[in-house]
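Report on one structure; see the data block that follows.
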Amino acid sequence: FSGHGGHDEL
Amino acid sequence: MTLFRLAGDLSHVLAILLLLYKIWTTKSAAGISGKTQLMFCMVYVTRYLDLFTSFISVYNSTMKVLFISASVATVYLIYFKFKATYDGNHDTFRMEFVIVPALILALIWNYAFTFFEISWAFSIFLEAVAILPQLFMVTKTGEAENITSHYLFALGSYRALYILNWIDRYYFEGHWDPIAVTAGIVQTVLYGDFFYLYFTRVIKGRKLQVLP
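Here's what the structure looks like:
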């Protein structure tokens, strides 16, 4: 996750 | 993608399908909290706003579509198709008591003061407490059908497995998601009492009864 790269977990 | 996260997602999918199966095959929403399902709908819609803007993987997008559509279908079955079987008298938890605090907290604690990140944080906080109406309903009715307790077990296990995933990622990748982890721990702890009843009763083939 990162605030900018989007959240990669559901 | 850690094994724990995959197991967690599959447990989550199992829970969602178990609930749809129960309502569809018994043609009844008895014992199911519509309020919890409404809040899960809110959780998925507010969390997956990035469905069309950021592509992570086919798996990620597929699951998002599945969760949103399955939760909408579940709400439809409860409040429309099998409305007559919805036990509103026992589904009395005040949703605003969890929705408002989740929103306030999301405005305070988020990764960026943007609509998307506040919506995401709100979704994470709301998911942690969205099961409360269902757990209250089980205590109010004093029992739950077996398949409902299996549904709750799969649902509770999903975020418990995510906690293992977060430990794994912290250990191997060295970073963690404070908002998701904090909410995930609260969410799993709320199932504590249910897990106890599940392991001491349902596993032994007895009905899940909340002892008066």
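In order, the protein sequences belong to chains X and Z. Going by this note's numbering, the first sequence opens with residue 101, and the numbers climb by one from there. Going by this note's numbering, the second sequence opens with residue 1331, and the numbers climb by one from there. Beta carbons are placed, not taken as given, at the ideal position from N, Cα and C, and that holds for glycine.
Original post:
To the nearest angstrom, how far is it from the Cα of Ile-1507/Z to the Cα of Tyr-1441/Z?
Top reply: Going by the sequence as given, residue 1507/Z is Asp instead of Ile. Straight-line Cα distance between these residues: approximately 10 Å.
**OP:** Verify the CB distance criterion: does Asn-1419/Z have a CB-CB separation below 8 Å to chain X?
**Re:** No, because no Cβ of chain X sits closer than 8 Å to the Cβ of Asn-1419/Z.
Original post:
Roughly how many whole angstroms lie between the Cα atoms of Val-1511/Z and Phe-1502/Z?
Top reply: Phe-1502/Z has its alpha-carbon roughly 16 Å from the corresponding atom of Val-1511/Z.
**OP:** Please confirm whether Asp-1421/Z and Ser-1363/Z have their CB atoms less than 8 Å apart.
**Re:** Note that the C-beta distance between Asp-1421/Z and Ser-1363/Z is below 8 Å.
Original post:
Are at least three pairs of beta-carbons, each pair with one atom in the region 1351 to 1360 of chain Z and one in the region 1453 to 1460 of chain Z, less than 8 Å apart?
Top reply: With the cut-off at 8 Å, the region 1351 to 1360 of chain Z and the region 1453 to 1460 of chain Z do not touch.
Original post:
Ala-1359/Z lies in the alpha helix (DSSP H); which residues open and close that run?
Top reply: No alpha helix (DSSP H) holds Ala-1359/Z; DSSP gives it neither H nor E.
Original post:
Are there 16 or more other CB atoms within 10 angstroms of the CB of Met-1331/Z, so buried, or fewer, so exposed?
Top reply: The residue is exposed, with fewer than 16 neighbouring Cβ atoms inside 10 Å.
Subject >> Near-chain X residues of the region 1493 to 1505 of chain Z (beta-carbon distance less than 7 Å), N- to C-terminal order >> reply: Those would be none; no residue qualifies.
Subject >> Cβ-based neighbour list, Tyr-1409/Z, same chain, cut-off 7 Å, excluding 5 preceding and 5 following >> reply: Cβ neighbours of Tyr-1409/Z beyond the five flanking positions: Gly-1364 and Tyr-1416.
Subject >> Neighbourhood of Leu-1527/Z by C-beta, 6 Å cutoff - its chain only, sequence neighbours within 5 removed >> reply: Excluding five sequence positions before and after Leu-1527/Z, the CB atoms of its chain that fall closer than 6 Å to its own CB belong to Leu-1538, given in chain order.
**OP:** Could you tell me whether the region 1437 to 1452 of chain Z touches the region 1481 to 1491 of chain Z, using the rule of 3 or more Cβ pairs below 8 Å?
**Re:** No: fewer than three Cβ pairs fall under 8 Å.
Original post:
Using a Cβ-Cβ distance under 8 Å, would Ala-1451/Z count as near chain X?
Top reply: Closer than 8 Å to the CB of Ala-1451/Z there is not a single CB belonging to chain X.
**OP:** Report yes if the CB atom of Glu-109/X is closer than 8 Å to the CB atom of Arg-1489/Z, and no otherwise.
**Re:** Remark: C-beta atoms of Glu-109/X and Arg-1489/Z do not approach each other more closely than 8 Å.
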